[in-house]
Amino acid sequence: MLLQPQRLIRATTPRTFHVWTIGCQMNVAESAAITSALQQRGLTPVPAMDDAELVVLNSCTVRESAEQRVQGTLHLLAHRKGTDPDLMIALTGCSVEPDLEAMTQKLPMVDFFFRPGALDHFLAQLEAHEVVGAPLVSNPVMSYEVPVSTYVTVMQGCNKFCTYCIVPYRRGREVSRPIADVVADVRMMTRRGAREITLLGQIIDHYGRDLPTKSHLSELMEAVHDVEGLERLRFMTSHPRDMDQRLIETVARLPKTVETIHLPVQAGDDVVLRRMRRQYTVERYLRLVETIRATIPGVAVTTDIIVGFCGETEEQFGRTLDLLRTVQFDVVHVACYSPRQGTVSASWEDDVPHEEKEERRRRVERVQEEIQARLNARLRDQVVEILVEDSQSHRQDLPQWRGRTRTNKLVFIPREDEHLVGQLVPVRITRTSPWALQGVMAH
Ligand code: SAM
Ligand code: SF4
Numbered sequence: 000m001l002l003q004p005q006r007l008i009r010a011t012t013p014r015t016f017h018v019w020t021i022g023c024q025m026n027v028a029e030s031a032a033i034t035s036a037l038q039q040r041g042l043t044p045v046p047a048m049d050d051a052e053l054v055v056l057n058s059c060t061v062r063e064s065a066e067q068r069v070q071g072t073l074h075l076l077a078h079r080k081g082t083d084p085d086l087m088i089a090l091t092g093c094s095v096e097p098d099l100e101a102m103t104q105k106l107p108m109v110d111f112f113f114r115p116g117a118l119d120h121f122l123a124q125l126e127a128h129e130v131v132g133a134p135l136v137s138n139p140v141m142s143y144e145v146p147v148s149t150y151v152t153v154m155q156g157c158n159k160f161c162t163y164c165i166v167p168y169r170r171g172r173e174v175s176r177p178i179a180d181v182v183a184d185v186r187m188m189t190r191r192g193a194r195e196i197t198l199l200g201q202i203i204d205h206y207g208r209d210l211p212t213k214s215h216l217s218e219l220m221e222a223v224h225d226v227e228g229l230e231r232l233r234f235m236t237s238h239p240r241d242m243d244q245r246l247i248e249t250v251a252r253l254p255k256t257v258e259t260i261h262l263p264v265q266a267g268d269d270v271v272l273r274r275m276r277r278q279y280t281v282e283r284y285l286r287l288v289e290t291i292r293a294t295i296p297g298v299a300v301t302t303d304i305i306v307g308f309c310g311e312t313e314e315q316f317g318r319t320l321d322l323l324r325t326v327q328f329d330v331v332h333v334a335c336y337s338p339r340q341g342t343v344s345a346s347w348e349d350d351v352p353h354e355e356k357e358e359r360r361r362r363v364e365r366v367q368e369e370i371q372a373r374l375n376a377r378l379r380d381q382v383v384e385i386l387v388e389d390s391q392s393h394r395q396d397l398p399q400w401r402g403r404t405r406t407n408k409l410v411f412i413p414r415e416d417e418h419l420v421g422q423l424v425p426v427r428i429t430r431t432s433p434w435a436l437q438g439v440m441a442h
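So for the sequence shown, numbering that gives the first Met the number 0 puts the first residue at 0; every next one is plus one.
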């Protein structure tokens, strides 16, 4: 079904567009696909949202803070539309509810809605309303340079229904892409400059179970691994319940698959985990980490934590800190719990006060900062291989290349004349901090 945009008549068709993105890597990947599709149809991307005649908001509602930023941006655009009625606004991402008619009533300033991953639906709407024509290039390939490190979505949705999480309601059930389609995307991206690919899925170790071929993520990784030009292969996000031995061994065996596993634990207490419906215990999680470390030498394990979940006591939170000290994660992403309307836990009492959640978040960060400082300090004087991504720098007077180790640690090296973007470079680490490493080329 095509939705009627709020306002069909405009004096001119848009020539410029801007894609505003917030949220996870999946949104980043989808924004790249939106950009490519609009460019193929003759529109020009502009860096400032204010200069664009068509603005696509790729939204997130996983946490309240993201939702507030989306609402703030929509408010600004609604204001601009008051004086510039030709402005076109499209909304996608997890803020878009399945009932698009209801969305139209709720957000009248938005011309087009499309659900996450439903780019074809958006393009069909644009074509039906003659906002754009058919693609200018007959072969629908990406028409722009791809970053050295880039993302490919291999599956949509999630069937897990953790009690706090909005994702299954907004991204729907798990749908995997066939191996051949993913390989074709990776080929196209490496031809355009990508050297590192991260395969994305909300629950990537479930990849392929819905396909008629019942493929395993290991098979997908083997197929992608052989693509010419690819130097490194990553994947995320793994679920502790579903990561199996076959996958762990594949990571250990395939040379381009790097030693980084993102394995969200969310909490360090079994009662909290059960109420979150995570389907594992702390003990099972610890055993899995042990297996991963025994099978993949030098692996970096990273995680996500939610603090202040409904009913989380000080004692239960203390067990999350204990878990951090036990596991010694390389990176921890910590978020204060925020109830998401429509999820199971939204009907429970959100009884940990805001200030207490913030305090718990800071305590996690303090413990983790010490751990990262210690882990990174071990790398001093070691030679590591980095993939150079770009020439970003903290300081104007000190031009530097920016790259990452196989374990995803950020490394800066002095920028000399040689063009290193996209190259694997041996680097001797000279200085470390909890968040980044400084080094020099090792030859
Ligand atoms: N699929 C992944 C998993 O199983 O953990 C993560 C997907 S979720 C989009 C990304 C992260 O957002 C989660 O790991 C969790 O820490 C956080 N998150 C999700 N819902 C949240 C909520 N209601 N409040 C705070 N953080 C939340
Ligand atoms: Fe959300 Fe849980 Fe699915 Fe991750 S596994 S996307 S946290 S429902």
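Positions of the beta carbon are idealized from the N, C-alpha and C atoms, including for glycine.
Where does residue i land, buried or exposed, given buried means 16+ other C-beta within 10 angstroms?
i, result
"leucine 397", "exposed"
"glutamine 340", "exposed"
"aspartate 49", "exposed"
"glutamine 244", "exposed"
"aspartate 268", "buried"
"tryptophan 400", "buried"
"proline 167", "buried"
"proline 443", "Past the edges of the chain, shown from 0 to 442, lies residue 443, and the structure says nothing about it."
"glutamate 52", "buried"
"alanine 89", "buried"
"alanine 80", "Checking the displayed sequence, the identity of residue 80 turns out to be lysine instead of alanine. Result: buried."
"alanine 266", "buried"
"glutamate 417", "exposed"
"leucine 122", "buried"
"leucine 459", "Nothing about residue 459 can be reported from this structure: the residues present for the chain run from 0 to 442 only."
"aspartate 110", "buried"
"histidine 128", "buried"
Assuming residue i and residue j make a contact with CB atoms under 8 Å, what is their CB distance in whole Å?
i, j, result
"valine 145", "valine 181", "About 15 Å; that fails the 8 Å criterion."
"arginine 240", "threonine 197", "About 21 Å; that fails the 8 Å criterion."
"phenylalanine 308", "isoleucine 370", "About 22 Å; that fails the 8 Å criterion."
"arginine 114", "valine 95", "5 Å"
"tyrosine 206", "serine 175", "5 Å"
"aspartate 378", "leucine 419", "A small correction: the amino acid at residue 378 is leucine; aspartate does not occupy that position in the sequence shown. In fact, because the Cβ distance is near 20 Å, the residues do not count as touching under 8 Å."
"cysteine 291", "valine 281", "What sits at residue 291 in the sequence shown is isoleucine, not cysteine. Wrong, their Cβ atoms sit about 16 Å apart, outside the cutoff."
"threonine 149", "methionine 108", "The pair is not a contact, with the Cβ atoms about 32 Å apart (cut-off 8 Å)."
"tyrosine 279", "leucine 272", "7 Å"
"threonine 406", "threonine 259", "5 Å"
"isoleucine 178", "leucine 229", "About 15 Å; that fails the 8 Å criterion."
"cysteine 161", "methionine 275", "6 Å"
Look at the alpha carbon of residue i and the alpha carbon of residue j, and state the distance between them as a whole number of angstroms.
i, j, result
"methionine 25", "arginine 318", "31 Å"
"valine 382", "proline 425", "6 Å"
"valine 153", "lysine 159", "17 Å"
"histidine 78", "alanine 101", "22 Å"
"asparagine 138", "glutamine 124", "Caution applies to asparagine 138, whose pLDDT of 44 falls short of 50 and renders its modelled position unreliable; the value that the coordinates give is listed next. Distance between the alpha carbons of asparagine 138 and glutamine 124: 21 Å."
"valine 185", "valine 226", "7 Å"
"arginine 277", "isoleucine 247", "20 Å"
"glutamine 38", "isoleucine 305", "39 Å"
"glutamate 415", "glycine 297", "30 Å"
"valine 330", "arginine 14", "42 Å"
"serine 60", "alanine 334", "It is threonine, not serine, that sits at residue 60 in the sequence shown. Their Cα atoms are separated by approximately 13 Å."
"arginine 427", "aspartate 380", "6 Å"
"tryptophan 295", "alanine 117", "The sequence as given places isoleucine at residue 295; tryptophan does not occur at that position. Looking at the two C-alpha atoms, the distance is approximately 37 Å."
"glutamate 384", "phenylalanine 316", "37 Å"
"histidine 215", "aspartate 204", "8 Å"
"glutamate 457", "glutamate 195", "Any question about residue 457 goes unanswered here, given that the chain covers just 0 to 442."
"cysteine 93", "arginine 170", "7 Å"
"valine 387", "tryptophan 434", "17 Å"
"alanine 28", "leucine 199", "9 Å"
"glutamate 126", "valine 54", "16 Å"
"valine 140", "alanine 183", "Since pLDDT at valine 140 reaches only 47, below the 50 mark, its modelled position is unreliable, and the value read off the structure follows with that caveat. Cα to Cα, the separation comes out at about 10 Å."
"valine 270", "tryptophan 19", "39 Å"
"leucine 322", "lysine 105", "43 Å"
Taking only three categories from DSSP, how would you classify residue i?
i, result
"isoleucine 203", "helix"
"methionine 0", "Residue placement at methionine 0 is flagged as unreliable, the pLDDT there being 43, under the threshold of 50; the coordinate-derived value follows with that caveat. Correct three-state label for methionine 0: coil."
"isoleucine 178", "helix"
"threonine 197", "strand"
"glutamate 221", "helix"
"isoleucine 305", "strand"
"glycine 71", "helix"
"methionine 102", "helix"
"asparagine 57", "strand"
"threonine 43", "strand"
"tyrosine 279", "coil"
"methionine 48", "helix"
"threonine 162", "coil"
"aspartate 269", "helix"
"arginine 170", "helix"
For review: beta carbons within less than 6 Å of any heavy atom in the ligand SF4
Cys157, Lys159, Phe160, Cys161, Cys164, Val166, Pro167, Gln201, Ile202, His238
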